[in-house]
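Engineer:
Residue numbers (the numbering used here): 4 to 188.
Written out as structure tokens, the structure reads:
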């Protein structure tokens, strides 16, 4: 009787999701004792959250774009293009907003920056794993000519986007002072 009870128990356990060849998890993957099937990762989705332009940016002048808000964590990308290839352009994205005095005094926290440079044109900044919040874009012209710029800000969420922790979050950048500022349109 003991052998028969053990055999019956073994057959019952096999039918409940064991790994036997007559059923188990291969026949019933959602049965008791079977591991959960992982759901597929959704594809990343890029949303354009801001576009804009700024004209008549004199040499050593910084253009202030209106602040923008993200409502979820993601990878932020900013594309900046300008008119004259010989002009040296700098782009900065701050967490929160800053004044010209704060930027010139190196008192602003940035999530992404570029040095003033003529290349690459257009310029693309990327900040990975940016938390939901308010940010502001500034584009500086170091010359030699008066400039016009256009910008596009995107946020990629889902998929593998925002899986990295942002390495630039809250860092200070030593920015050479700007002589003045203009507002974007």
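Every residue gets a Cβ at the ideal spot worked out from N, C-alpha and C, and that includes glycine.
Quick check: the stretch 145-163 against the stretch 85-97, are there 3 or more CB pairs under 8 Å?
Structural biologist: Yes, since at least three Cβ pairs between the stretch 145-163 and the stretch 85-97 fall closer than 8 Å, the two stretches touch.
Engineer: Beta-carbon within less than 6 Å of residue 186's beta-carbon, same chain only, minus the 5 sequence neighbours each way: which residues are those?
Structural biologist: For this step, residue 186 is matched to residue 183 along the chain shown. Closer than 6 Å at the Cβ level, and outside the excluded window around residue 186, lie 67.
Engineer: Output the distance between the C-alpha atoms of residue 31 and residue 37, rounded to the nearest integer angstrom.
Structural biologist: Locating residue 31 in the chain shown gives position 28, counting from the first residue. Locating residue 37 in the chain shown gives position 34, counting from the first residue. Distance between the alpha carbons of residue 31 and residue 37: 8 Å.
Engineer: For residue 78, which of 39, 160, 178, 93 has the nearest alpha-carbon?
Structural biologist: In the chain shown, counting from the first residue as 1, residue 78 sits at position 75. Measuring from the Cα of residue 78, the nearest candidate turns out to be 160.
Engineer: Given a cut-off of 8 Å, decide if residue 70 and residue 138 are closer than it, judged by their beta-carbon atoms.
Structural biologist: Residue 138 sits at position 135 when you count from the first residue of the chain shown. Residue 70 sits at position 67 when you count from the first residue of the chain shown. It is a contact, given that the beta carbons lie within the stated cut-off.
Engineer: By alpha-carbon positions, which one of 114, 144, 74, 117 ends up nearest to residue 62?
Structural biologist: By one-based count along the chain shown, residue 62 stands at place 59. Comparing Cα positions, the closest option is 144.
Engineer: Write down every uninterrupted run of the alpha helix (DSSP H) in the stretch 97-129 whose length is 4 residues or greater and which is fully enclosed by it, in chain order.
Structural biologist: The qualifying runs are 103-107.
Engineer: Can you give the beta carbon distance from residue 184 to residue 64, rounded, assuming they're within the 8 Å contact cut?
Structural biologist: Numbered from 1 along the chain shown, position 181 holds the residue referred to as residue 184. Numbered from 1 along the chain shown, position 61 holds the residue referred to as residue 64. Rounded, the Cβ-Cβ distance is 6 Å, consistent with contact.
Engineer: Start and end of the alpha helix (DSSP H) containing residue 27?
Structural biologist: Taking the chain shown and counting its residues from 1, one reaches residue 27 at position 24. Unbroken alpha helix (DSSP H) run through residue 27: 27-30.
Engineer: Just to confirm the assignment: which complete alpha helix (DSSP H) runs, minimum length 4, are found wholly within the stretch 25-71?
Structural biologist: DSSP runs (the alpha helix (DSSP H)) wholly in the stretch 25-71: 27-30.
Engineer: In the DSSP assignment, find the unbroken beta strand (DSSP E) run with residue 1 in it and report its ends.
Structural biologist: Beyond the ends of the chain as shown, which are 4 and 188, falls residue 1; an answer cannot be given.
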